[in-house]
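Notes for the one structure printed next.
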Ligand SMILES: [Zn+2]
């Protein structure tokens, strides 16, 4: 309800004419996700929905998948696979990780008439805001995080960071031994650098990284200098144990 302003189980299906019994069944024994992918029985009936519940009641225009790939997976587990089987539901930690990764996928949107201004990147090459349906303008750097699995093998973390003007990079992106949680020290909450659109180029300005390296151009990037983000570029964020590599993809070219 916090994410999508609608109840995931209160849809159009009536189980009993007695409201109290109906409520018990639809929240319990007969519970069904309103957005079940193959069984449409409990879809909200838009002609019965109050105008105050729109646009959020419109699951066709704003399906739960707009919450992005990490949360979509958990929605499936909790409201489809595990709805009648609590053991299959994700735990609190999985939700925490998915929510945090999702904030890194959020894209700022500069359409003044858009009522949301932010949306979760949909992993497509030509992203579009689901709320105002406007296509993104300009190139969009997408950064994929990798960790060192063996001396010469880097593996994807299934973690992406979207770049926009004044987006920050933090220690928890740089080093996989640092987790973004309540145990962070005050120093770890300070950004290590930021991204900006400068002279028609996307750049990263290094403020705190002592061993930042542009691997593609084989060049160290000292503090106080910047590097340009280009398609396919590999950047080593830290030489320390746990230090990550990011690979740049330019979307919406
Ligand atoms: Zn929009």
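Residue numbers (our numbering): -11 to 241.
Ideal placement from N, C-alpha and C gives every residue a C-beta, glycine not left out.
Since the structure is predicted, the reported quantities are computational estimates derived from the model, not experimental observations.
Rounded C-alpha distance that separates residue i from residue j
i: residue 182; j: residue -1; result: 44 Å
i: residue 86; j: residue 9; result: 35 Å
i: residue 230; j: residue 114; result: 33 Å
i: residue 123; j: residue 74; result: 39 Å
i: residue 39; j: residue 3; result: 24 Å
i: residue 213; j: residue 185; result: 15 Å
i: residue 227; j: residue 60; result: 34 Å
i: residue 46; j: residue 238; result: 32 Å
i: residue 242; j: residue 71; result: Any answer about residue 242 is impossible in this case: the structure gives the chain only from -11 up to 241.
i: residue 55; j: residue 96; result: 15 Å
i: residue 143; j: residue 154; result: 28 Å
i: residue -8; j: residue 42; result: 11 Å
i: residue 91; j: residue 102; result: 19 Å
i: residue 36; j: residue 104; result: 25 Å
i: residue 48; j: residue 118; result: 11 Å
i: residue 243; j: residue 209; result: In this structure the chain extends from -11 to 241, so residue 243 is not present and cannot be described.
i: residue 100; j: residue 164; result: 37 Å
i: residue 79; j: residue 187; result: 46 Å
i: residue 236; j: residue 128; result: 10 Å
i: residue 241; j: residue 126; result: 7 Å
i: residue 18; j: residue 148; result: 38 Å
i: residue 150; j: residue 89; result: 11 Å
i: residue 81; j: residue 13; result: 29 Å
i: residue 50; j: residue 44; result: 7 Å
i: residue 173; j: residue -3; result: 40 Å
i: residue 171; j: residue 33; result: 45 Å
i: residue 152; j: residue 191; result: 10 Å
i: residue 234; j: residue 193; result: 15 Å
i: residue 137; j: residue 11; result: 51 Å
Contact test: residue i Cβ vs ligand 1 heavy atom, cutoff 7 Å
i: residue 112; result: no
i: residue 119; result: yes
i: residue 97; result: yes
i: residue 122; result: yes
i: residue 104; result: yes
Close-in-space but distant-in-sequence residues of the same chain around residue i (CB under 8 Å, 5 per side omitted)
i: residue 179; result: 156, 157, 158, 195 and 196
i: residue 162; result: 180, 197, 225, 226, 231 and 232
i: residue 169; result: 84
i: residue 68; result: 21, 24 and 25
i: residue 116; result: 110, 122, 123 and 124
i: residue 15; result: -3
Same chain, Cβ closer than 7 Å to residue i, neighbours up to 5 away in sequence not counted
i: residue 189; result: 216
i: residue 52; result: -8, 23, 60 and 63
i: residue 176; result: 159 and 166
Beta-carbon proximity list for residue i, same chain, < 6 Å, skipping 5 on both sides
i: residue 1; result: 29 and 30
i: residue 145; result: 133 and 135
i: residue 211; result: 194
i: residue 94; result: 106 and 108
Exercise. Decide yes or no for the touch test of the region 129 to 138 against the region 64 to 72: beta carbon pairs closer than 8 Å, at least 3 of them.
Key: no
Exercise. Say whether the region 216 to 226 touches the region 197 to 205, bearing in mind that this needs 3 or more beta-carbon pairs closer than 8 Å, one atom from each stretch.
Key: yes
Quiz item: Okay, do the region 191 to 201 and the region 96 to 113 touch, 3+ Cβ pairs below 8 Å being the bar?
Solution: no
Quiz item: Hey, is the region 16 to 25 in contact with the region 75 to 82, meaning 3+ C-beta pairs nearer than 8 Å?
Solution: no
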